[in-house]
Structure formats: structure tokens, C-alpha cells
Amino acid sequence: MNKPTRPNLIITNGEQARALRKKLGQTQGEFWARASTSQSGGSRYESQGRGIPESVLILLHLSYGTAEEAGAMMAWLRQNQPRAMTSLTSTG
Numbered sequence: 001m002n003k004p005t006r007p008n009l010i011i012t013n014g015e016q017a018r019a020l021r022k023k024l025g026q027t028q029g030e031f032w033a034r035a036s037t038s039q040s041g042g043s044r045y046e047s048q049g050r051g052i053p054e055s056v057l058i059l060l061h062l063s064y065g066t067a068e069e070a071g072a073m074m075a076w077l078r079q080n081q082p083r084a085m086t087s088l089t090s091t092g
């Protein structure tokens, strides 16, 4: 049985992240905090072409995607990444 393909991410690089942040009128601190990323880390992703880790891209997708996009990603995570879901929902 083939695993379902991960939904396409709404952001795949720093340039796209910067464009969305500016469109939303947010500071770097506000925008990147929703992905558990510091302002300085977000700045490096936006301006230095530094690759954004998949986990951060997924958090951005969940934070800034439509309800339908976020729901599709959550369904994929539940089916394919159960350990990740456990760490996201644990109350340690």
C-alpha cells in the first residue's frame, strides 16, 4: 500500500515567506513566531537564501494556509508521521 503524498506546501523558500509576510503586514518577529522560529532565524531564511527545514515549512503551512490546506496537512501528518503528531500534542 502506497503512502499518500504530502500536500504541496504553500511556502517552499524564504522569498515566498517574505512575500507572504509583507502581504500580511507582519513584522518578522510576528510572522516567524507562529512557526516557533526566532526573528533572526526568519531573517536569515528570508534574506540569505538559507534552506528552511521541512518542519518549519509545515508549521508555516498550518499557520498561514487556508482551513482546507491545514486540514489536508493535518490528515497527512496523522497518517504518515504519528511520532511527530505525538510530540505536537503531548503535554509534557
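Using the working numbering, count along the sequence shown one by one with no gaps and you end on 92. Beta carbons are placed, not taken as given, at the ideal position from N, Cα and C, and that holds for glycine.
Kindly indicate which residue of the options has the alpha-carbon position closest to the one of residue i.
{"i": "S63", "options": "W32, Q28, T12, T5", "result": "W32"}
{"i": "L9", "options": "K23, R78, T66", "result": "T66"}
{"i": "V56", "options": "T27, W76, T5, G41", "result": "G41"}
{"i": "G12", "options": "E68, Q81, L77, E54", "result": "Contrary to the premise, residue 12 reads as Thr rather than Gly in this sequence. T12 has its Cα closest to that of E54, out of E68, Q81, L77, E54."}
Could you tell me whether the Cβ atoms of residue i and residue j are closer together than 8 Å?
{"i": "A35", "j": "L59", "result": "yes"}
{"i": "G14", "j": "Y45", "result": "yes"}
{"i": "M73", "j": "P4", "result": "no"}
{"i": "A70", "j": "H61", "result": "yes"}
Let's test the definition: count the other Cβ atoms within 10 Å of the Cβ of residue i and tell me whether it reaches 16, buried, or not, exposed.
{"i": "A95", "result": "No information on residue 95 is available, as it lies outside the stretch 1 to 92 that the chain covers here."}
{"i": "Q79", "result": "exposed"}
{"i": "T37", "result": "buried"}
{"i": "Q28", "result": "buried"}
{"i": "G92", "result": "Per-residue confidence for G92 stands at a pLDDT of 40, beneath the threshold of 50, marking its modelled position as unreliable; the derived number appears in the next sentence. By the 10 Å Cβ count, G92 comes out exposed."}
Quick check on the DSSP output: what are the complete beta strand (DSSP E) runs of length 3 or more inside the segment 17 to 42, in order along the chain?
none
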